[in-house]
Amino acid sequence: MLFRRILFESNITYFMSTFCIDYNVNIQEPYKKIMSMKRILHVEHSACTSQLCQIRDKVRDACHSLAYPESDINLITLVIDEACTNIIRYAYSGEPGRIVLEIFQHENEVIFHLQDFAKCIDKSCLKLRKKKLLEPGGLGLQLIYQVMDVVQLLPPKGSVGNILELKKHLPKGSQK
Amino acid sequence: MTFEQKNYLHYQLLALTGEVDLHNSPQVRKQLLAIVESGNSVIVDFSALSYIDS
Numbered sequence: 021m022l023f024r025r026i027l028f029e030s031n032i033t034y035f036m037s038t039f040c041i042d043y044n045v046n047i048q049e050p051y052k053k054i055m056s057m058k059r060i061l062h063v064e065h066s067a068c069t070s071q072l073c074q075i076r077d078k079v080r081d082a083c084h085s086l087a088y089p090e091s092d093i094n095l096i097t098l099v100i101d102e103a104c105t106n107i108i109r110y111a112y113s114g115e116p117g118r119i120v121l122e123i124f125q126h127e128n129e130v131i132f133h134l135q136d137f138a139k140c141i142d143k144s145c146l147k148l149r150k151k152k153l154l155e156p157g158g159l160g161l162q163l164i165y166q167v168m169d170v171v172q173l174l175p176p177k178g179s180v181g182n183i184l185e186l187k188k189h190l191p192k193g194s195q196k
Numbered sequence: 007m008t009f010e011q012k013n014y015l016h017y018q019l020l021a022l023t024g025e026v027d028l029h030n031s032p033q034v035r036k037q038l039l040a041i042v043e044s045g046n047s048v049i050v051d052f053s054a055l056s057y058i059d060s
């Protein structure tokens, strides 16, 4: 009986170690949060200015499905477009590349991930610099900070690329 | 995005329609510069524009 029990338990241990993925071990800390969230959108586009219109359409549709107020939808669409524009202009510098946009939701928390596969950028690139009103450049970043609740750069999942994480809470009572 | 240019009093009126982004803003810029460099004053009509980025 004891032998059979030991054999049974050792088989269970073998099964667990062989077939079960321990996400806590394999997933980097910043990505743990989204594991428990519902993925609303996952799209991949070439990092090309002609794709911006399609990306905006998909963001608008996703935000409508999340029941954001119309004013927020317009601002979030603007923010994602600005972020994509920065990726095309500065991360890829006009070279070919890809942009992955994912949206995750849990209750009134919504997270937007914009991933590129260009060289890793320094976190200081996300710092706001004081500029004169009519000085060109940097307005997109200001808009991003003004509209979103949280703006941060995550460490890349692989050896290259950047993930911009943006959070925008849904107004209480509006989530479906 | 489309645009239409016409005379309005002693100005050039540039009416924009649709969405302006990084993809098509160089067209708008080129058109505006052409008007200004020809010595005209310009009025830009954004009323039919549904989207414009920074």
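Top to bottom, those sequences are chains A and B. Every letter in the first sequence is one number past the one before it in our numbering, and letter 128, counting from 1, is 148. Every letter in the second sequence is one number past the one before it in our numbering, and letter 12, counting from 1, is 18. Positions of the beta carbon are idealized from the N, C-alpha and C atoms, including for glycine.
In this structure, L22 of chain B sits away from Q11 of chain B, with a CB-CB distance that is not shorter than 8 Å. With a 10 Å radius around the Cβ and a threshold of 16 neighbouring Cβ atoms, L39 of chain B comes out exposed.
Around G160 of chain A, the beta-carbon contacts reaching into chain B at under 8 Å are D59, S60.
Here Q18 of chain B is buried: its Cβ has 16 or more other Cβ atoms, across all protein chains shown, within 10 Å. Less than 8 Å divides the Cβ of Q135 of chain A from the Cβ of G181 of chain A. Remark: fewer than three beta-carbon pairs, one from each stretch, lie closer than 8 Å, so the stretch 50 to 70 of chain A and the stretch 42 to 57 of chain B are not flagged as touching. About 6 Å separates the Cβ atoms of I183 of chain A and H133 of chain A, confirming a contact at the 8 Å cut-off. Counting the other Cβ atoms within 10 Å of the Cβ of L15 of chain B gives fewer than 16, which makes it exposed.
Non-local beta-carbon contacts of Q172 of chain A in its own chain, meaning distances under 7 Å to residues more than five positions away in sequence, involve E185 in chain order. Residue-level contact by beta carbon holds for L28 of chain B and chain A, with a gap shorter than 8 Å.
In the structure shown, Y88 of chain A adopts coil according to DSSP, grouped into three states. A distance below 8 Å between beta-carbons, with the five flanking residues on each side excluded, links Y165 of chain A to the following residues of its chain, in chain order: L148, V171. In this structure, S60 of chain B lies away from L146 of chain A, with their beta-carbon atoms at least 8 Å apart. Nearest in C-alpha terms to L98 of chain A, of all of A:C83, A:Y110, A:R109, is A:C83. Under the three-state reduction of DSSP output, S66 of chain A falls in the strand class. Residue pairing by DSSP places I141 of chain A in no beta bridge whatsoever. With a threshold of 16 other beta carbon atoms within 10 Å, D101 of chain A meets it and is buried. Look at C73 of chain A: its C-beta is under 8 Å from a C-beta on chain B. At a cut-off of 8 Å, the C-beta of I108 of chain A has a neighbouring C-beta in chain B.
Here DSSP, grouped into helix, strand and coil, assigns V167 of chain A to helix.
Contact with chain B is found for D101 of chain A, since one of that chain's Cβ atoms lies less than 8 Å from the residue's Cβ.
Under DSSP, E129 of chain A forms a beta bridge with A:H126.
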